[in-house]
Amino acid sequence: MEKGYSMKKKIFIGSGIALLVVLVVAVVIFYPAIRFMTQREVIQIDPSLTLMLGGGGNSGVIIGDSAVVVIDTKMMGNGEDLYKFAKEKAGQKPIIVINTHYHPDHVQGNKYFKGSKIYIGNYEKEFLQKNIDAEDQPTDVIKDSLLIDLGNEKVHLYDLGRGHTSNDVVVYLTNHKVLFTGDLVFNQINPVLKDESGAKVSQWICVLDTILSRWGDSKVVPGHGSVGHREIVESMRQYFLDMTTAARDPDKENMMKAVYKDWMKLPNMSSPGKTIEYIKMHEINK
Ligand SMILES: [Zn+2]
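So the mapping is simple: our numbering equals the position in the sequence shown, first residue as 1, plus 3.
This is the structure:
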C-alpha cells in the first residue's frame, strides 16, 4: 500500500516536472513570436507624426490640417488603442486609413475605424473578401498611386505590385521624408513568404531596387522591427540575394545561413532555411 502510494507520488512529481519542461521549452520557442506580436513602442517624431511600432505591424499616425491619416491598424486589441489615439488627435476631422497589405497583423484593427475611408492595394475584390474578415474590409483600392493632400503634409500612396504579396503599397510623406514600406522590409527579421499571398522573391528584389532609387534618402519605417534608413532596405535586398545563392548552390547554404544567424526567426513562419526552400520551390524548380 505504502509502496503504491510512493510510486504514485513519484509519477505525479515526474509528470509535473515533464509538464514544466514542456512549458519552458514552448515559451523559449515561441517567445520571439510573442514579443514580435505584442511589444509596442511609441516614437513621437514631431507634433504631426507619431510612429507606433509593434503590436502587429508598425503603424504611423499623421495629424494633417484637413484629416488624420493612419497607416496600418495592427492586430487583436492593439488596433483599439491606435484608434483612440488617432480619434483624440482628429477631433471632428475625418480619419483616413491606409493598409500597406492585407495580412491580419496590418488590417485587423480596421474594425475600429468604422465610417473611415480605408485604402489598400489593387487586389481583386474576391481576394479581399476571402482573406480579410468582413468587419475589417477596406473601402477603396488604389490603382497605381494616389495623393492625399492634408495641407501641411502630402501623403503619397504607391502600389508597387508583387513582392511580399501581390499588391504591396508603400506610403511616402513628402515633407517628413519618411517612407512606410509595410512588409516589403523586415528589419533584422526573417521575412514571411507565402505562395497564397503572392510572394515572389525575384520581384521583391526589383521592388526593393525601386525603393532604393526613388526614396533612398528617406527615413524608412519597416513593416516589422526598428526604424532605419536605406541600410535596412539594402540588408533586406542582400538577404534575398544571399538566400537565392544558397538555393542555387547547396555548398553555400550553411555559410549563408550563418550570415543571418542573428535575424529573428518566427516559429513555423520564417527562417533562412524556409526562405531557401521557398525560393527553390517557387523560382528555381518551377
Ligand atoms: Zn505581411
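Every residue gets a Cβ at the ideal spot worked out from N, C-alpha and C, and that includes glycine.
So, do the region 218-230 and the region 60-80 have three or more beta carbon pairs nearer to each other than 8 Å? yes
Give the residues whose C-beta lies closer than 5 Å to at least one heavy atom of ligand 1, in chain order. H106, D186
Are the CB atoms of F183 and W207 within a distance shorter than 8 Å? Your numbering for residue 207 matches position 204 in the sequence shown. Your numbering for residue 183 matches position 180 in the sequence shown. Not a contact, by the Cβ cut-off of 8 Å.
Where G112 and I74 are concerned, what is the direct C-alpha to C-alpha distance, given to the nearest angstrom? On the sequence shown, position 109 is the one that residue 112 refers to. On the sequence shown, position 71 is the one that residue 74 refers to. One C-alpha to the other measures close to 11 Å.
Do V236 and T214 count as a contact pair if the criterion is CB distance below 8 Å? For the purposes of this step, residue 214 is identified with residue 211 of the sequence shown, where counting begins at 1. For the purposes of this step, residue 236 is identified with residue 233 of the sequence shown, where counting begins at 1. According to the sequence as given, residue 214 is Ile; it is not Thr. With a cutoff of 8 Å on beta-carbon distance, I214 and V236 are scored as near each other.
Under the assumption that T103 contacts V31 (Cβ atoms under 8 Å), give the Cβ distance between them as a whole number of angstroms. As a working note, residue 103 is residue 100 in the sequence shown. As a working note, residue 31 is residue 28 in the sequence shown. The Cβ separation is near 31 Å, so there is no contact.
Cutting at 8 Å between CB atoms, please list the residues of its own chain near S238, excluding the five before and the five after it. Stepping through the sequence shown from its first residue, residue 238 is reached at position 235. Correct list, in chain order: N190, Q191.
Complete beta strand (DSSP E) runs within the region 80-155 (minimum length 3 residues, chain order): 98-101, 120-123, 148-152
Distance, Cα to Cα, T248 vs K268? For the purposes of this step, residue 248 is identified with residue 245 of the sequence shown, where counting begins at 1. For the purposes of this step, residue 268 is identified with residue 265 of the sequence shown, where counting begins at 1. Rounded to whole angstroms, T248 to K268 spans 20 Å at the Cα level.
Could you name the residues that DSSP lists as bridge partners for G231? Taking the first residue of the sequence shown as position 1, residue 231 is located at position 228. DSSP lists V223 as partners of G231.
Measuring straight from C-alpha to C-alpha, what distance separates D143 and A202? Translated into the one-based positions of the sequence shown, residue 143 becomes position 140. Translated into the one-based positions of the sequence shown, residue 202 becomes position 199. Computed Cα separation, rounded: 22 Å.
Taking the beta carbon of I279 as the centre, do at least 16 other beta carbons fall within 10 Å, making it buried, or is it exposed? Within the sequence shown, residue 279 is the residue found at index 276, counting from 1. I279 comes out buried.
Under 8 Å between the Cβ atoms of D186 and H106? Within the sequence shown, the letter at position 183 stands for residue 186. Within the sequence shown, the letter at position 103 stands for residue 106. For D186 and H106, yes; Cβs fall inside 8 Å.
Rounded to whole angstroms, what's the CA-CA distance from M259 to V188? Just pull it up for me. Position 256 of the sequence shown, counted from the start, is the residue given in the question as residue 259. Position 185 of the sequence shown, counted from the start, is the residue given in the question as residue 188. For M259 and V188, the distance between alpha carbons rounds to 19 Å.
Could you give the C-beta distance for L153 and I65, rounded to a whole number, given that I count them as a contact under 8 Å? In the sequence shown, the residue the question calls residue 153 occupies position 150. In the sequence shown, the residue the question calls residue 65 occupies position 62. That pair is a contact at about 7 Å.
So the candidates are L211, H232, E199; which of them puts its Cα closest to the Cα of Y281? Your numbering for residue 281 matches position 278 in the sequence shown. When the alpha-carbon of Y281 is set against those of L211, H232, E199, the nearest one is in E199.
Pull up the DSSP beta-bridge partners for I46, would you. Position 43 of the sequence shown, counting from 1, holds the residue named residue 46. I46 pairs with L54.
Of the listed residues E138, A261, M246, nearest to K283 (C-alpha basis): The residue labelled residue 283 in the question sits at position 280 within the sequence shown. The option with the nearest alpha carbon to K283 is M246.
Could you work out which residue in P253, N193, T177, H167 is closest to R217 when comparing CA atoms only? What you label residue 217 is simply residue 214 of the sequence shown in a count that begins at 1. The residue among P253, N193, T177, H167 with its C-alpha nearest the C-alpha of R217 is T177.
Run through DSSP, which three-state label would K157 get? To locate residue 157, count along the sequence shown from 1; it is residue 154. If DSSP states are grouped into helix, strand and coil, K157 belongs with the strands.
Taking G67 as the reference, which of D139, V100, V45, N81 has the closest Cα? Counted from its first residue, the sequence shown places residue 67 at position 64. It is V100 whose Cα lies nearest to the Cα of G67.
Helix, strand or coil, according to DSSP, for D171 in the structure here? Here the question's residue 171 lines up with position 168 in the sequence shown. The answer is coil: DSSP assigns D171 none of H, G, I, E or B.
Figure out for me which residue from A261, R251, K114 has the closest Cα to the Cα of P275. For the purposes of this step, residue 275 is identified with residue 272 of the sequence shown, where counting begins at 1. If we check each option's Cα against that of P275, A261 comes out closest.
Under 8 Å between the Cβ atoms of V72 and K92? Against the sequence shown, residue 72 aligns to sequence position 69. Against the sequence shown, residue 92 aligns to sequence position 89. Cβ distance not < 8 Å, so V72 and K92 don't count as in contact.
To which residues of the same chain is L15 closer than 6 Å at the C-beta, ignoring the five residues directly before and after it? Position 12 of the sequence shown holds residue 15. It should be noted that the sequence gives Phe, not Leu, for residue 15. Nothing meets the Cβ criterion.
Mind checking whether G166 and I145 have CB atoms under 8 Å apart? For the purposes of this step, residue 166 is identified with residue 163 of the sequence shown, where counting begins at 1. For the purposes of this step, residue 145 is identified with residue 142 of the sequence shown, where counting begins at 1. In this structure, I145 does not lie closer than 8 Å to G166 by Cβ.
What residue from A137, I121, K180, K77 has the CA that sits closest to L52's CA? Counted from its first residue, the sequence shown places residue 52 at position 49. That would be K180, whose Cα lies nearest to the Cα of L52.
Taking the straight line between their C-alpha atoms, what separation do you get for G82 and V210? For the purposes of this step, residue 82 is identified with residue 79 of the sequence shown, where counting begins at 1. For the purposes of this step, residue 210 is identified with residue 207 of the sequence shown, where counting begins at 1. Roughly 28 Å separates the two Cα atoms.
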